[in-house]
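In UniProt numbering, the protein residues as written are 1 to 527. By construction, the Cβ of each residue, glycine as well, lies at the ideal position given by its N, Cα and C atoms. As the structure is a computational prediction, the values presented were derived from the model and not from experiment. Beneath this line is the structure, given in structure tokens, with notes to follow.
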């Protein structure tokens with residue numbers, strides 16, 4: 001820390017060697033800066049404060065029944081829309097600024113300056129401030145008054161036109177949704193008519209029907225397999241009899257006792273049919289299947305009677321008359337009948353399962369499409385009802401607005417004619433220039449010291465060289481030198497004090513409002 005302090009002291013002593021240079025620079029900077037600030041023209045700011053009433057006594061009573069305008073949002077929009085070309089031209093017209101321009105270029109420049117200089121601020125507690133700064137206090141007041149007038153008119157027009165546009169938009173949307181709603185209703189009607197019987201709730205539980213029919217089909221297939229196995233066993237027994245060399249014939253066989261295979265099958269099926277009719281009707285699937293089989297057997301019998309049988313049959317009628325063989329033959333015929341009946345039932349159940357599955361797929365497709373139609377219809381209907389409600393609210397809001405305006409402007413603080421300039425802040429600028437001049441002078445002195453450094457003490461010499469210093473030789477000052485140093489100090493003091501006195505003088509002139517020889521106007525005319 002001691003080294004830093006010593007270093008600062010070295011720099012200060014070195015800068016003092018060039019104090020005249022610093023004083024001259026400080027004087028030049030301060031005088032030029034003060035004269036420039038003094039020559040700056042005075043500007044006057046006029047301000048108006050406006051209270052915007054956004055609430056009425058009817059609003060709490062009609063909460064939820066009318067459309068509440070976003071008044072604060074409207075005011076924010078108006079702040080942005082205030083600086084349009086037409087509004088700025090209206091402000092120029094109302095404030096008589098147009099008299100100061102001659103050409104279109106000057107007019108456009110004036111519009112650009114107005115857009116930059118007019119300030120609309122606030123919004124808290126419905127209080128807005130309008131400010132404008134000009135060289136002429138009367139002009140500043142006129143511009144603020146013009147802005148206030150245009151602001152009020154523009155907001156009122158926007159409220160009215162916004163309500164009309166909203167009402168027109170709602171009416172157009174209602175007409176559009178009416179057409180879409182009718183089309184959606186017609187589409188649903190046509191779809192239901194085209195898919196009658198496949199709609200949800202019609203035709204019972206398809207899943208249960210599929211499961212029940214599939215269960216019946218599985219049972220029928222199992223029964224078919226059993227009858228096929230039984231038939232195969234009986235066929236094997238008959239084949240053994242055909243291939244056997246034993247004498248199975250019966251004597252004195254009567255020709256009228258011979259029964260054909262078809263007759264036996266028909267008798268068996270007829271007996272089975274009678275048993276089923278006790279429990280079921282003629283429409284029962286198994287009875288229908290037996291009827292088809294009986295018709296088939298009768299057809300085969302007629303065909304056999306027309307065609308002469310081959311000579312030397314494999315089994316002679318005398319053999320067929322054997323009771324054992326006759327029993328096997330009857331059992332075989334019964335098995336054939338059961339196989340035919342089971343095959344017919346399996347086929348019918350399979351067709352029914354396929355049909356129900358196809359209907360189920362169609363029903364699911366129809367259900368999905370109907371849901372889509374209902375969803376579109378519900379969405380359109382919901383929006384349509386909301387639009388109708390909004391239109392009724394808009395009508396009531398329009399009636400309410402006729403009784404109480406949404407926006408009421410009250411001038412809280414009228415535009416004033418400023419008596420004192422608002423800018424420039426010469427006191428602050430004078431002080432800043434005074435401080436800046438001192439900094440510039442000190443900076444120049446330090447710069448010169450760095451350019452032409454000088455050893456100021458033995459300690460500094462030892463620190464710079466790193467060598468031991470044995471001692472120092474003092475300079476003997478004569479009487480003439482002492483007198484010269486004393487005069488120099490007086491001149492330095494006068495130079496510094498003089499600069500301070502001039503600074504205080506400028507500050508006093510500005511604070512007291514003294515127009516000394518109209519210096520500012522003179523400087524303005526020169527510049």
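Taking 8 Å as the limit between beta carbons, can you name the residues of its chain near residue i, skipping five residues before and five after?
i           : result
residue 60  : Model confidence at residue 60 stands at a pLDDT of 47, short of 50, so the residue's coordinates are unreliable and nothing is read from them.
residue 273 : 287, 290, 291 and 294
residue 210 : 353, 356, 357 and 360
residue 284 : 276
residue 423 : 42, 43, 45 and 133
residue 464 : 455
When you compare each of the options to residue i by their alpha carbons, which one comes out closest?
i           : options               : result
residue 511 : 33, 115, 473 and 425  : 425
residue 35  : 182, 117, 433 and 45  : 433
residue 302 : 448, 444, 464 and 263 : 263
residue 216 : 351, 390, 145 and 140 : 351
residue 384 : 285, 180 and 373      : 180
residue 339 : 167, 420 and 223      : 223
residue 214 : 349, 184 and 364      : 349
residue 115 : 474, 491, 105 and 132 : 132
residue 111 : 129, 445, 143 and 136 : 143
residue 538 : 463, 107, 83 and 176  : Nothing about residue 538 can be reported from this structure: the residues present for the chain run from 1 to 527 only.
residue 392 : 436, 442, 104 and 167 : 167
residue 178 : 109, 382 and 32       : 382
residue 136 : 108, 109 and 100      : 100
residue 501 : 485, 443 and 431      : 431
residue 147 : 472, 90, 105 and 104  : 90
residue 427 : 454, 506 and 20       : 506
residue 503 : 175, 466, 435 and 468 : 435
For residue i, does the count of other Cβ atoms within 10 angstroms reach 16, so buried, or fall short, so exposed?
i           : result
residue 233 : exposed
residue 387 : buried
residue 415 : buried
residue 4   : exposed
residue 18  : buried
residue 145 : buried
residue 479 : exposed
residue 97  : buried
residue 494 : exposed
residue 490 : exposed
residue 445 : buried
residue 23  : buried
residue 257 : At residue 257 the pLDDT is 42, less than 50, meaning the model places this residue with poor confidence; the figure from the coordinates comes in the next sentence. Classification of residue 257: exposed, given that the 10 Å Cβ count is below 16.
residue 88  : buried
residue 265 : buried
residue 363 : buried
residue 32  : exposed
residue 437 : buried
residue 8   : exposed
Between residue i and the rest of its own chain, which residues show a CB-CB distance below 7 Å, the 5 nearest in sequence each way excluded?
i           : result
residue 51  : 126, 127, 410 and 412
residue 499 : 26, 27 and 30
residue 292 : 344
residue 227 : 335, 338, 339 and 342
residue 187 : 373
residue 309 : With a pLDDT of only 46 at residue 309, under the threshold of 50, the placement of this residue in the model should not be trusted, and no figure is reported.
residue 195 : 366
residue 113 : none
residue 252 : Residue confidence for residue 252 is low, a pLDDT of 41 falling below 50, so the modelled location carries little weight; the figure read from the coordinates is stated next. No residues qualify anywhere along the chain.
For the putative contact between residue i and residue j, defined by C-beta atoms under 8 Å, what is the C-beta separation to the nearest angstrom?
i           : j           : result
residue 149 : residue 94  : 6 Å
residue 337 : residue 269 : 5 Å
residue 220 : residue 346 : 5 Å
residue 417 : residue 138 : 6 Å
residue 130 : residue 185 : Rounded, the Cβ-Cβ distance is 56 Å, inconsistent with contact.
residue 532 : residue 15  : Outside the modelled stretch of the chain, which goes from 1 to 527, sits residue 532, for which no answer is possible.
I'd like to know whether the C-beta of residue i is nearer than 8 Å to at least one C-beta of chain D.
i           : result
residue 153 : Among the protein chains of the structure shown there is no chain D, as only one such chain exists.
Apart from the five residues just before and just after residue i, which ones in its own chain have a Cβ nearer than 6 Å to its Cβ?
i           : result
residue 508 : none
residue 429 : 37
residue 42  : 421
residue 64  : In this predicted model, residue 64 has a pLDDT of only 49, less than 50, meaning its place in the structure is not dependable; the value taken from the coordinates is given anyway. So no residue of the chain qualifies.
residue 141 : 46, 415 and 417
residue 237 : 328
residue 440 : 25 and 29
residue 390 : 170
Problem - Meets three-Cβ-pair contact criterion under 8 Å: the region 374 to 385 and the region 218 to 233 - result: no
Practice task
Evaluate contact between the region 273 to 285 and the region 324 to 336, counting only Cβ atoms and requiring at least three cross-stretch pairs below 8 Å.
Solution key: no
Handout entry: Validate contact between the region 185 to 199 and the region 363 to 370 using beta carbons, cut 8 Å, 3 pairs
Key = yes
Problem - Cβ pair count under 8 Å reaching 3, the region 448 to 457 against the region 169 to 188 - result: no
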